[in-house]
Amino acid sequence: MSRIQTTLDALKAQKRKALIPYVMAGFPNADITPALMHGMVESGADIIELGVPFSDPMADGPVIQKAGEAALRLGIGMSHVLDMVKTFRQKDSTTPVVLMGYANPVECYDLQHGSHAFVKHAASAGVDGVLIVDYPPEECVDFAATLRANDMDLIFLLAPTSTDARIEQVACVASGYVYYVSLKGITGAGNLDTDAVEAMLPRIRKHVHIPVGVGFGIRDAATAQTVGRVADAVVIGSRIIQLLEAAPQGNEIDSVREFLHGIRVALDA
Numbered sequence: 003m004s005r006i007q008t009t010l011d012a013l014k015a016q017k018r019k020a021l022i023p024y025v026m027a028g029f030p031n032a033d034i035t036p037a038l039m040h041g042m043v044e045s046g047a048d049i050i051e052l053g054v055p056f057s058d059p060m061a062d063g064p065v066i067q068k069a070g071e072a073a074l075r076l077g078i079g080m081s082h083v084l085d086m087v088k089t090f091r092q093k094d095s096t097t098p099v100v101l102m103g104y105a106n107p108v109e110c111y112d113l114q115h116g117s118h119a120f121v122k123h124a125a126s127a128g129v130d131g132v133l134i135v136d137y138p139p140e141e142c143v144d145f146a147a148t149l150r151a152n153d154m155d156l157i158f159l160l161a162p163t164s165t166d167a168r169i170e171q172v173a174c175v176a177s178g179y180v181y182y183v184s185l186k187g188i189t190g191a192g193n194l195d196t197d198a199v200e201a202m203l204p205r206i207r208k209h210v211h212i213p214v215g216v217g218f219g220i221r222d223a224a225t226a227q228t229v230g231r232v233a234d235a236v237v238i239g240s241r242i243i244q245l246l247e248a249a250p251q252g253n254e255i256d257s258v259r260e261f262l263h264g265i266r267v268a269l270d271a
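In this note's numbering, the protein residues as written are 3 to 271.
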């Protein structure tokens, strides 16, 4: 059983919802990420999504794109991201970490280091799941099996436009959880329609029998609480990047901790 499944099963038994914050590896500086991850856990995060910088992030909105560009300027690549996870694991052996990004960095890593090197090195570093935005489920059966053999989960996005056929395809290969992106388009866009989320989740759960996380558009405790009433997990990304960007130098982690503590209290209320 993966760490993700263990964590989500325990939360379900406690009738609690998972809080899943997203941060871009290497943002706002190259050294902050492991300490930021620890700060998020101390503030109530259950699973961490760690963004892998990429030069053509088609699904990311301007906030996360800008963070990725900043990380790339610092030279952050997949090897550095795996090293950050290793550093985090020195003090935290239980909180699941999911790498979120695109196919190109994974495929380039394998070209540089050998076939299946990414899976081997990710497992060795302590990664628990992988979410690759541009990997279609019908082409991922072998990759998903290789990940599962190494106690890692392959996580997929679903959207308001996902057909029943697409949801079924995802259900066949996904493990850990699925991530429902509750707005059409790119991350961080628009305002969340919580009624539409509530209407979509039964359609997803008809086919998908693992937890469903909801993200895109969750900016405050009230919205997180509303989403938490119907979803198994709440995912927050763009708002955290904005807080890191706006915080005075040296106060970035405290700013995120304070925000996430408020979300955790709202989810547990």
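We treat Cβ as the ideally placed atom computed from N, Cα and C, and that holds for glycine.
Backbone CA spacing between residue i and residue j [nearest angstrom]
i      : j      : result
ILE243 : LYS19  : 22 Å
ASP222 : VAL172 : 29 Å
VAL258 : VAL229 : 20 Å
LYS17  : VAL175 : 26 Å
PRO138 : ALA27  : 24 Å
VAL267 : LEU21  : 11 Å
ILE238 : GLY116 : 34 Å
ALA249 : GLY53  : 20 Å
ALA161 : LEU76  : 32 Å
THR89  : PRO36  : 6 Å
HIS118 : PRO55  : 20 Å
ILE255 : GLU247 : 11 Å
GLY79  : GLN114 : 12 Å
ALA167 : LEU262 : 36 Å
ARG241 : ILE220 : 8 Å
GLY187 : ILE66  : Note that GLY187 scores 48 on pLDDT, short of 50, meaning its location in the model is unreliable; the coordinates nonetheless yield the value given after this. Distance between the alpha carbons of GLY187 and ILE66 is about 14 Å.
ARG207 : ARG231 : 15 Å
Selected residue, minimal CA-CA separation from residue i, among the options
i      : options                           : result
TYR24  : LYS17, ALA69 and ASP33            : ALA69
ILE50  : GLY41, PHE56 and SER57            : GLY41
ASP197 : LEU159, PHE29 and ALA233          : ALA233
ILE74  : ASP153, ASP58 and ALA12           : Going by the sequence as given, residue 74 is Leu instead of Ile. Cα-wise, what sits closest to LEU74 is ASP58.
SER164 : LEU156, ILE66 and LEU185          : LEU185
VAL210 : LEU159, ILE78, ASP256 and GLN227  : LEU159
TYR104 : MET60, ILE265 and ALA146          : MET60
PHE218 : GLY63, GLU200, GLN92 and LEU113   : GLY63
LEU101 : LYS122, ASP11 and GLY131          : GLY131
ASP195 : ARG205, ILE206 and VAL183         : VAL183
ALA226 : ILE265, VAL129, LEU245 and HIS123 : ILE265
ALA127 : ALA119, ASN106, LEU10 and ARG91   : ARG91
ASN253 : ALA12, HIS263 and LEU38           : LEU38
SER95  : SER4, VAL143, GLN251 and ALA15    : SER4
ARG205 : SER81, ILE169 and TYR181          : ILE169
GLU260 : ALA15, LEU245 and ALA271          : LEU245
ALA224 : CYS142, SER177 and LEU269         : LEU269
Three-state class that DSSP yields for residue i in the structure shown
i      : result
ASP155 : strand
ALA69  : helix
VAL54  : coil
LEU149 : helix
LEU76  : coil
GLY131 : strand
VAL175 : helix
VAL232 : coil
ILE238 : strand
ALA223 : helix
Beta strand (DSSP E) segment containing residue i, residue limits
i      : result
GLY217 : 214 to 217
TYR182 : 180 to 183
TYR24  : 20 to 26
Boundaries (first-last residue) of the alpha helix (DSSP H) holding residue i
i      : result
PRO204 : 196 to 209
LEU269 : 254 to 270
GLY103 : Not the alpha helix (DSSP H): GLY103 falls in the beta strand (DSSP E), residues 99 to 103.
GLN251 : GLN251 -> no alpha helix (DSSP H), and no H or E assigned at all.
ALA32  : No alpha helix (DSSP H) contains ALA32, which DSSP labels as neither H nor E.
- Task: Evaluate the contact criterion for the region 199 to 214 versus the region 82 to 94: three or more CB pairs, one atom per stretch, below 8 Å.
- Result: no
- Item | Contact between the region 124 to 143 and the region 33 to 47 (3+ Cβ pairs under 8 Å) | no
- If you pair each beta-carbon of the region 147 to 156 with each one of the region 32 to 40, do three or more pairs fall below 8 Å? no
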